[in-house]
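A.B. asks: Going by our numbering, the first residue of the sequence shown is number 152, and it counts up by one from there.
For glycine and all other residues, C-beta sits at the position ideal for the given N, C-alpha and C.
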Amino acid sequence: MQIFSFSHFISSNKRAIVTTAISSFAVGLIAMLVLMFGVTRNYTSTVQILVIQKYTLTDSYTAAKSAEKVSQNLGEVIKTSVFLNDVLDESTVSLSDITQLPEEQKRKAWAKKLSTEIDNNAPILKITAYDPERSRAEAIATTVANVLIEKGGEYHGAPDTISLKVVDTALTSNSASSPSVPLYTVAAVLGTACIFTLFYALKATGSWLEPISVVPSTLVHVNQPELPLQSRPEPTMPTPQPQPRDLNIQNFGQRIAEQRKDSAYIHGDVKTMYDVKKS
């Protein structure tokens with residue numbers, strides 16, 4: 152088995168290293184251009200709404216937790232198609248690019264227009280709207296906040312104990328934001344370099360051609376299925392070896408004579424007794 156040496160790999164693969172560096176730079180440059188010109192740049196507009204929970208019948212801690220839960224629920228509700236219909240009824244801005252889409256695509260497009268965030272220290276719902284046009288991003292954020300204030304009771308279900316208030320009006324960015332170009336460019340360069348390095352390392356060591364043994368041959372019997380009880384072979388007992396016979400003729404003759412003598416005395420056979428005595 153060959154042992155991989157990094158220094159030997161560098162000295163013997165200079166051409167491969169140069170190829171990797173050039174390829175990584177090219178991929179990073181392409182990724183940067185795609186992010187700068189191929190990705191839609193959006194303006195952002197953010198409003199903040201305070202969720203107020205009355206705690207006349209509960210303690211302050213329970214009321215705060217309840218308000219936090221209501222904020223989370225409202226953050227999900229504003230991305231639904233029902234809420235979009237309320238926004239369309241209230242807004243003077245055209246959202247035809249969303250409404251003309253099929254129902255499934257329309258819901259996804261509207262959900263991408265908004266993002267929500269909950270403050271950990273206070274029950275404040277932060278709503279951000281995204282749009283390529285600055286004025287429309289601000290109009291969407293403002294309309295969403297107004298619909299929540301006017302019809303919030305229909306969504307959280309407790310208009311008598313919960314009230315909503317806009318604490319920060321729409322704050323819109325002055326320039327269109329886009330994905331982090333430097334971050335994604337560096338990620339593309341590093342990813343390409345890692346892929347090329349791994350490929351050349353495996354090729355140099357030849358390990359990509361070696362078969363990989365997952366289960367040792369001595370353990371193959373573990374994976375074999377267990378036979379049913381009826382089909383199991385019966386245990387075989389060792390065949391006893393025959394014992395050597397007593398071939399002593401003299402002892403054998405004496406035993407025969409004694410047996411004949413005893414038989415003659417019992418039956419009164421005189422001739423047999425005579426023959427026995429004679430023998």
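Rounded to the nearest angstrom, what separates S314 and T279 at their Cα positions?
C.D. replies: 21 angstroms
A.B. asks: Just verifying my parser: in three-state terms, what is the DSSP assignment at T171?
C.D. replies: Shown here, T171 sits in a helix according to DSSP, grouped into three states.
A.B. asks: Report the option in G179, A172, A218 and D237 whose CA atom is closest to the CA atom of L299.
C.D. replies: Nearest of G179, A172, A218 and D237 to L299, Cα basis: D237.
A.B. asks: Going straight from the alpha carbon of I181 to that of G308, what length do you get?
C.D. replies: Cα-Cα distance, rounded: 51 angstroms.
A.B. asks: Going by the DSSP bridge assignment, what does I203 pair with across the sheet?
C.D. replies: S314
A.B. asks: Taking 8 angstroms as the threshold, find out whether the region 338-348 comes into contact with the region 210-219 through three or more Cβ pairs.
C.D. replies: no
A.B. asks: Which runs of the alpha helix (DSSP H) at least 4 residues long sit entirely within the region 200-257? Give them in chain order.
C.D. replies: Fully enclosed alpha helix (DSSP H) runs of 4 or longer: 211-228, 232-241 and 247-250.
A.B. asks: Would you mind reading off the limits of the beta strand (DSSP E) that contains T279?
C.D. replies: I275 to D282
A.B. asks: Between the region 287-296 and the region 238-246, do three or more beta carbon pairs fall short of 8 angstroms?
C.D. replies: yes
A.B. asks: Going by other Cβ atoms of all chains shown within 10 Å of its Cβ, with 16 needed for buried, is G303 buried or exposed?
C.D. replies: buried
A.B. asks: Does S266 come out as helix, strand or coil in the three-state DSSP assignment?
C.D. replies: strand
A.B. asks: Buried or exposed: P283, going by 16 or more other Cβ atoms within 10 Å of its Cβ?
C.D. replies: Exposed, because fewer than 16 other Cβ atoms sit within 10 Å of the Cβ of P283.
A.B. asks: Our contact map puts E123 next to K277 with C-beta atoms below 8 angstroms; I'd like the distance itself, whole angstroms only.
C.D. replies: Because the chain here runs from 152 to 430, residue 123 falls outside it and cannot be looked at.
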